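Take a look at the structure set out below.
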Amino acid sequence: MNRVRIFDTTLRDGEQAAGVNLNLQEKLRIAQRLDQMGVDVIEAGFPAASDGDFQAVKAVGEAVSCTVAGLARTREQDILRAFEALKGAARPRIHVFIATSPIHMEYKLKMTPQEVLAEIRKGVRLAKSLAEDVEFSAEDASRSEIDFLKEAYMTAAEMGASTLNVPDTVGYAQPEEFGAFVKALIDSMGTSSLIWSVHCHDDLGLAAANSLAAVAAGARQVECTVNGIGERAGNASLEEIVMALKTRRDFFRLDTGVNTRHLYPMSRLVSRLTGLPVPPNKAVVGDNAFAHESGIHQHGMLSNRNTYEIMSPEDVGAPSSSLVLGKHSGSHAFRERVKEMGYHLSDQELKEAFKLFKDLCDRKKSVTNEDIEAILEDRVMST
Ligand code: KIV
Ligand code: ZN
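My numbering applies: residue 899 is where the sequence shown begins, and numbers increase by one.
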């Protein structure tokens, strides 16, 4: 299988980001755009968690054509609620989860490992009796004991789960270790039609790296959110995963179904509706992702963009690259900007203007076209 499924959980785990609360209309807008963008699965909410989540899963299921997932614990009432919310969906998926790590089983669930296995058996069996498409997640998988985890996934698969998700719930994993961990799980199940999935959090800034290590090890679904929003430090960022797979296709030899030109507009929409700003240095979609300031880089860019750009802004639907004029800029970029502004200067005028520009850069953080205009009109051309 040379395709990685993109499972977007912006509306469920993403909405769990502190301070975020999307209304139904906003969720629908995001879901419709995700569907157009080509994600494979939209996790639209946790129907048993609130009436708002129930309504969101229902409305999204009725509005889009891709698979729509509703999250549920192994409890009967959660699964029935998810099923109810997904009734109108073209492709419904019930996503059943329970924790499998010693710390979660002892302190949160207060269950023995055998009781957890019994819950998985009961929950996945019930979900499978209601929906063809069932996903099982072992919460806190990366801190679980591997032999117990294998048993947990085996049980879920026997009960009919067709996607087995390995969450790094607290962002604890390291890429090499996580890749090997996922591979050991895949190998334990032998060859089968199961789809292995990963769901990584970003507590150590490794969510994208861990997800990609798992893909290299055989995972074929990645759970992620737009702008990487989510609980605490967030989830793996959708745009980073998609562009890493596309830009380094030579390495992964895998495709996604995402039309990458939607990535930047999607990022802005989610930022606007959630009120969470996109950091300027955010990979792929940040304001500075295609901005070049140093003179050496600008000179390279003016000769050949590939010197300092591994993907083009057009590919992700972002505004064109910019050569930002600041104290690290060189005369090549300055000359280009002056030309773009419609000035034709002699070499001597240009030299003089460039010196004045550099002096100004030492006093002012960002130099605008208006500043350059003032230098040219008042100091260079008037002499
Ligand atoms: O982080 C996590 O473990 C989750 C699961 C419910 C998939 O969000
Ligand atoms: Zn999560």
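Idealized CB from N, CA, C, for every residue including glycine. All of these numbers come straight from a predicted model, not from anything done at the bench.
At the C-beta level, E1074 and V1096 stay beyond 8 Å of one another. Apart from sequence neighbours up to five positions away, the residues of its chain that approach I1127 with a beta-carbon distance below 6 Å are G912, A915, L1174, ordered along the chain.
The ligand KIV has no heavy atom closer than 7 Å to the beta-carbon of D951. When distances are taken from the beta-carbon of H1099 to the heavy atoms of the ligand KIV, the shortest one is below 7 Å. Each residue's CA atom was taken as its position, placing T1123 and A1106 some 11 Å apart. Every beta strand (DSSP E) stretch that sits fully inside the region 1104-1157 and reaches 3 residues is listed by chain position as 1119-1122.
The C-beta separation of T1154 from M1209 comes to about 14 Å, leaving the pair out of contact by the 8 Å criterion. Ranked by how close their Cα comes to the Cα of A980, the residues T998, E941, E1004 have E941 in first place. Distance between N1202 and H1195, taken at the CA atoms: about 10 Å. Residue range 1011-1028 is occupied by the alpha helix (DSSP H) that includes P1011.
Closer than 7 Å to some heavy atom of the ligand ZN: that describes the Cβ of D911.
Residues L1254 of the same chain have their beta carbon placed closer than 7 Å to that of R1277, with the five preceding and five following residues left out of the count.
Per DSSP, the beta-bridge partners of N1063 are S1035, S1095. Set against 7 Å, the gap from the CB of L1102 to the closest heavy atom of the ligand KIV is not smaller.
Relative to the ligand KIV, even the nearest heavy atom lies 7 Å or more away from the CB of N1267. Out of Y1070, L1152, I1001, V1032, the CA that lies nearest to the CA of N1063 is found in V1032. In this structure Y1051 is buried. Its beta-carbon is surrounded by 16 or more other beta-carbon atoms within 10 angstroms.
The three-state reading of DSSP puts P1217 in coil, since its state is none of H, G, I, E or B.
Under the 8 Å Cβ criterion, the region 1030-1047 does not count as touching the region 950-964, having fewer than three qualifying pairs. Taken in chain order, the whole alpha helix (DSSP H) runs of length 4 or more contained in the region 901-939 are 922-935.
Of the heavy atoms belonging to the ligand ZN, none sits nearer than 7 Å to the Cβ of E1033. With a cut-off of 7 Å, the C-beta of E1129 is classified as near the ligand ZN, since at least one heavy atom of the ligand falls inside that distance. Residues F1252 of the same chain have their beta carbon placed closer than 7 Å to that of S1229, with the five preceding and five following residues left out of the count. Between the ligand ZN and P1065, a heavy atom-to-CB distance of less than 7 Å is present. Excluding the 5 residues flanking it on each side, A983 has same chain C-beta neighbours closer than 6 Å at P945, F952, V955, K956, G968, in chain order. Your pair A1216 and V1168 does not check out as a contact, with CB atoms roughly 15 Å apart and the cut at 8 Å.
Judged by their CB atoms, I1044 and R903 are not nearer to each other than the 8 Å cut-off. Between the ligand KIV and the CB of E1275, the shortest heavy atom gap is not smaller than 7 Å. Under a 10 Å Cβ-count criterion, H1160 is classified as buried, with 16 or more other Cβ atoms of the shown protein chains found around its own Cβ.
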